[in-house]
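Accompanying notes for the structure given below.
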Amino acid sequence: MTIFRRMLYTACIVRLFDYYTAVSLRREPFYLLPQEAMMSSNANKDVITRFITEIWNGNNLKALDTFLDPAYYDYTYEPRNREGLERALLLMQTAFPGHETIIEEIVSEGDTVAVCLTLRGTHAGPFRGLPASGKPIEIGGYRFYKVSDGKITSHRGLIDLPSLLQQISTND
4 MTIFRRMLYT
14 ACIVRLFDYY
24 TAVSLRREPF
34 YLLPQEAMMS
44 SNANKDVITR
54 FITEIWNGNN
64 LKALDTFLDP
74 AYYDYTYEPR
84 NREGLERALL
94 LMQTAFPGHE
104 TIIEEIVSEG
114 DTVAVCLTLR
124 GTHAGPFRGL
134 PASGKPIEIG
144 GYRFYKVSDG
154 KITSHRGLID
164 LPSLLQQIST
174 ND
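Just so we're aligned, residue 4 is where the sequence shown starts under my numbering, counting upward by one.
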């Protein structure tokens with residue numbers, strides 16, 4: 004297991020621990036939380052699952068309006084709005100056409116959805132100055148989304164970029 008994957012899992016576990024600690028401090032078992040909070044949490048996970056399926060895996064940029072709040076803010080991509088996300092999507096489509104984002108774990112609390120993911124594909128186009136290598140890639144990452152009224156309002160994410168660059172390097 005790479006150091007990045009360990010850090011990724013640790014971040015997810017810490018988030019879960021924080022959540023369960025908060026629940027226990029209220030002295031309410033998880034299954035006795037208000038039904039509407041659990042339903043909202045499940046609805047938010049569904050929004051993110053559909054977003055990853057339709058936008059990242061389906062490359063359906065026309066569906067972005069379905070998922071993004073007009074005031075969407077992105078902490079990961081430049082510029083820090085919808086345009087930054089579109090640029091990242093186009094970069095991935097060009098460099099790794101047909102790539103697949105696999106949700107390994109998804110956790111939701113309130114308006115926050117945390118996703119641990121794996122990205123798989125083949126390096127078939129230029130990426131960060133490296134020409135297409137034809138090599139397969141598999142990297143881990145995580146994303147945190149905020150969801151309000153069924154729309155994504157913000158995103159933070161990190162992928163194992165050093166591992167990706169190592170995998171597509173032409174140096175053997």
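Using N, Cα and C, we set each Cβ at its ideal position, and we do this for glycine too.
Where residue 65 falls, given that 16 or more other Cβ within 10 Å makes a residue buried: exposed
Residue 141 (DSSP reduced to helix, strand or coil): strand
Beta-carbon proximity of residue 158 to residue 145, cut-off 7 Å: no
Sufficient close CB pairs (3 or more, under 8 Å) joining the stretch 132-141 to the stretch 163-172: Verdict: yes, contact present.
Residues that residue 124 bridges to, as DSSP identifies them: 140
Residue 62 to residue 92 span [Cα, whole Å]: Distance from the CA of residue 62 to the CA of residue 92, rounded to the nearest whole angstrom, comes to 8 Å.
Validate contact between the stretch 121-137 and the stretch 75-85 using beta carbons, cut 8 Å, 3 pairs: The stretch 121-137, when compared against the stretch 75-85, does not touch it at the 8 Å Cβ threshold.
Alpha carbon of residue 72 to alpha carbon of residue 101, nearest angstrom: Note on geometry: alpha-carbon atoms of residue 72 and residue 101 lie some 26 Å from one another.
Cβ separation of residue 60 and residue 104, assumed to be a contact under 8 Å, to the nearest whole Å: 6 Å
Residues that residue 76 bridges to, as DSSP identifies them: 157
Alpha carbon of residue 142 to alpha carbon of residue 110, nearest angstrom: 20 Å
Inter-residue CB distance, residue 46 and residue 113 (contact presumed, cutoff 8 Å): Between residue 46 and residue 113, the beta carbon gap of about 12 Å keeps them out of contact (Cβ cut-off 8 Å).
Close Cβ partners of residue 160 (< 6 Å) along its chain, the five nearest in sequence each way excluded: 79, 146
Residues near residue 134 in its chain [Cβ-Cβ closer than 8 Å; skip 5 each side]: 173
Under the three-state DSSP convention, the category residue 35 falls into: At residue 35 the pLDDT is 47, less than 50, meaning the model places this residue with poor confidence; the figure from the coordinates comes in the next sentence. Helix at residue 35.
Residue 130 in three-state terms, based on DSSP: strand
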